[in-house]
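Engineer: Questions regarding the structure given below will be posed in turn.
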Amino acid sequence: MTALRGLAAALLAGASLGASAAPDAAPESPKPRIYALVSAVGQQFQYVSRRPSVGTNLEPFRRFTAQVPGGALDRAVLRGLDRTVAASDPGSERVFLSLNPAEIENVKPAEREKVAIGKVVSALEPMKQRAGWDKIFVVTPNWRFGEVNGLGSKLGGIGVFIQPLERRTGNIDLDANLAGFAEAETFTPDGKPTSSAIYVAPFFYTKLWVIDPKTLQVIDSEERFDFRKIYDPNWTATTLERNFTPEQLAEQVETFVERSSSRALREAIGVVTVTDPKAVDEAKSAPAAPRKP
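Structure (structure tokens):
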């Protein structure tokens with residue numbers, strides 16, 4: 024695995040995932056392709072729960088943003104990207120990079136995508152190593168104002184949406200409000216299909232960017248609004264999310280994020296190889312001071 028050293032002035036921090044390059048090829052074999060995999064999703068984790076909205080002007084959601092330190096979200100994204108590249112090009116080498124989460128920490132959710140890709144491109148510019156790379160794949164947060172398939176509005180990046188409201192509550196007005204929420208296709212934590220109007224749904228709202236290493240022009244980009252609705256009829260806790268321990272929920276989210284990033288790249292690979300490059304229309308942000316160890 025190709026490793027980058029001495030990048031103290033850059034915003035990108037190397038993420039060691041333990042992946043290894045293919046064995047040394049015979050002299051006559053072609054040089055292995057090198058892909059740079061970059062995660063810029065940060066460490067913000069969004070927690071949103073639907074609540075009754077009858078008789079109030081408040082939006083029908085409770086929102087909370089937590090911090091996931093230690094680069095766990097970025098590592099999950101990079102593992103997913105690595106899985107797809109390894110399957111598509113087994114003899115390739117991969118460079119793993121992540122954006123310093125502090126660079127998008129105080130950015131408004133709707134602007135994080137624009138700022139993140141600008142920071143990444145600015146940090147890549149002075150890197151001479153990219154002359155030997157064949158392609159750069161970047162994952163940034165994405166944000167959506169409206170609801171998607173029953174999930175709440177104003178979701179972005181990585182998080183969990185909780186739908187705890189049964190369709191029949193005994194409140195006539197509230198029941199009428201929930202009538203449109205038919206039972207959704209859900210799955211138990213171990214993957215068995217179920218059906219329920221209530222669920223816990225990890226979501227992965229991101230954008231995948233494919234960048235030419237030589238010119239840093241965007242070859243292609245693709246939005247992702249992935250989610251997985253989880254419900255187990257054997258759950259007993261009255262508060263829906265308490266059916267998970269924090270460790271169990273973290274495991275579900277991490278596995279889901281890894282699979283979603285892998286699927287995003289797998290579905291994009293077939294269309295990005297022939298697309299003409301186009302200039303990045305986001306304004307590049309100036310590199311900031313390096314993150315302290």
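Under the numbering used here, the first residue of the sequence shown carries the number 24, and numbering increases by one thereafter. We put the CB at the ideal spot given by N, CA and C, even for glycine. Small disclaimer: the values here were computed from a predicted structure and weren't measured.
Can you give, in chain order, each stretch of the beta strand (DSSP E) that sits fully within the segment 243 to 288 and has at least 3 residues?
Structural biologist: The qualifying runs do not exist here; there are none.
Engineer: Measuring CA to CA, which of Ile181, Glu274, Gln186, Arg153 is closest to Val12?
Structural biologist: For the chain, the structure presents residues 24 to 316; residue 12 sits outside this window and is missing.
Engineer: Within the same chain, show all residues whose beta-carbon is closer than 7 Å to that of Phe84, passing over the 5 residues directly before and after it, in chain order.
Structural biologist: Contacts found: Val71, Ser72, Arg73, Arg74, Gly175.
Engineer: Tell me, please, whether the segment 224 to 240 touches the segment 147 to 155 by the rule of three or more beta-carbon pairs shorter than 8 Å.
Structural biologist: A contact exists between the segment 224 to 240 and the segment 147 to 155.
Engineer: In this structure, does DSSP put Phe60 in helix, strand or coil?
Structural biologist: Here residue 60 is Leu; the residue named in the question, Phe, does not match the sequence. If DSSP states are grouped into helix, strand and coil, Leu60 belongs with the strands.
Engineer: I'd like the list of long-range same chain contacts for Pro130, defined as Cβ closer than 6 Å, with 5 residues on each side in sequence excluded.
Structural biologist: Pro is not the amino acid found at residue 130; the sequence shown has Val there. The answer, listed in chain order, is Val138.
Engineer: Roughly how many angstroms separate the alpha carbons of Pro12 and Ser284, rounded to a whole number?
Structural biologist: A question about residue 12 goes unanswered here, because the residues of the chain that appear run from 24 up to 316.
Engineer: Looking at the secondary structure, which residues open and close the beta strand (DSSP E) in which Glu208 lies?
Structural biologist: Start and end: 207 to 210.
Engineer: Going along the chain, which residues of its own chain have a beta-carbon closer than 6 Å to the beta-carbon of Glu136, five neighbours each way excluded?
Structural biologist: For Glu136, where only same-chain residues beyond five positions count, the Cβ hits under 6 Å are Thr163, Pro164, Asn165, Lys230.
Engineer: Distance check for Asn257 and Asn266, CA to CA, integer angstroms please.
Structural biologist: Approximately 10 Å between the Cα atoms of the pair.
Engineer: Taking just the CA atoms, how far does Glu189 sit from Ala199?
Structural biologist: Any reading at Ala199 is ruled out, since the residue's pLDDT is 47, under 50, leaving its predicted position unreliable.
Engineer: What distance in whole Å lies between the Cβ atoms of Ala59 and Ile159, which are believed to be in contact at a cut-off of 8 Å?
Structural biologist: Correct: roughly 4 Å between the Cβ atoms.
Engineer: How far does the alpha helix (DSSP H) with Arg106 in it extend, from its first residue to its last?
Structural biologist: Run containing Arg106: 95 to 111, per the alpha helix (DSSP H) assignment.
Engineer: If you follow the beta strand (DSSP E) that Lys230 is part of, which residue opens it and which one closes it?
Structural biologist: First-last of the beta strand (DSSP E) with Lys230: 222 to 234.
Engineer: Can you tell me whether Arg102 is buried or exposed, with buried defined as 16 or more other CB within 10 angstroms of its CB?
Structural biologist: Classification for Arg102: buried.
Engineer: What's the C-alpha gap between Glu246 and Ala287?
Structural biologist: Straight-line Cα distance between these residues: approximately 9 Å.
Engineer: Tell whether a beta-carbon distance below 8 Å holds between Pro225 and Arg251.
Structural biologist: Going by C-beta atoms, Pro225 is nearer than 8 Å to Arg251.
Engineer: Rounded to the nearest angstrom, what separates Pro53 and Arg106 at their Cα positions?
Structural biologist: Approximately 22 Å, taken between the alpha carbons.
Engineer: Just mark Lys142 as buried or exposed, buried being the case when its beta carbon has 16 or more other beta carbons within 10 Å.
Structural biologist: With 16 or more other Cβ atoms within 10 Å, it is buried.
Engineer: In the DSSP assignment, find the alpha helix (DSSP H) that holds Leu122 and state where it starts and stops.
Structural biologist: Leu122 -> not in any alpha helix (DSSP H); beta strand (DSSP E) instead, spanning 116 to 122.
Engineer: To the nearest angstrom, how far is the alpha carbon of Glu134 from that of Ala125?
Structural biologist: In a straight line, the C-alpha of Glu134 is about 15 Å away from that of Ala125.
Engineer: For Val91, name the three-state secondary structure that DSSP assigns.
Structural biologist: Val91 falls in the coil class under three-state DSSP.
Engineer: Can you name the start and end residues of the beta strand (DSSP E) that Ser145 belongs to?
Structural biologist: Segment 135 to 147 is the alpha helix (DSSP H) holding Ser145; no beta strand (DSSP E) there.
Engineer: Cα separation between Ala44 and Thr268?
Structural biologist: Low local confidence applies: a pLDDT of 45 at Ala44 is under 50, so the model's placement there is unreliable, with the coordinate-based value given in what follows. Cα to Cα, the separation comes out at about 37 Å.
Engineer: If you count every other CB in all the chains shown that lies within 10 Å of the CB of Ala291, and 16 or more means buried, which is it?
Structural biologist: Ala291 comes out buried.
Engineer: Determine the contact status of Ile253 and Val276, defining contact as a CB-CB distance below 8 Å.
Structural biologist: No, Cβ-Cβ distance for Ile253 and Val276 is not below 8 Å.
Engineer: The beta strand (DSSP E) spanning Gly65 covers which residue range?
Structural biologist: Counting along the chain, Gly65 falls outside any beta strand (DSSP E), and DSSP gives it neither H nor E.
Engineer: Among Val100, Asp97, Ala95, Asp157, whose alpha-carbon lies nearest the alpha-carbon of Ser115?
Structural biologist: Checked all of Val100, Asp97, Ala95, Asp157; the closest Cα to Ser115 is Asp157.
Engineer: Which word fits Val294, buried or exposed, when buried means at least 16 other C-beta atoms lie within 10 angstroms of its C-beta?
Structural biologist: For Val294, the predicted model reports a pLDDT of 42, less than 50, meaning its position is unreliable; a value from the coordinates is still stated below. The residue is exposed, with fewer than 16 neighbouring Cβ atoms inside 10 Å.
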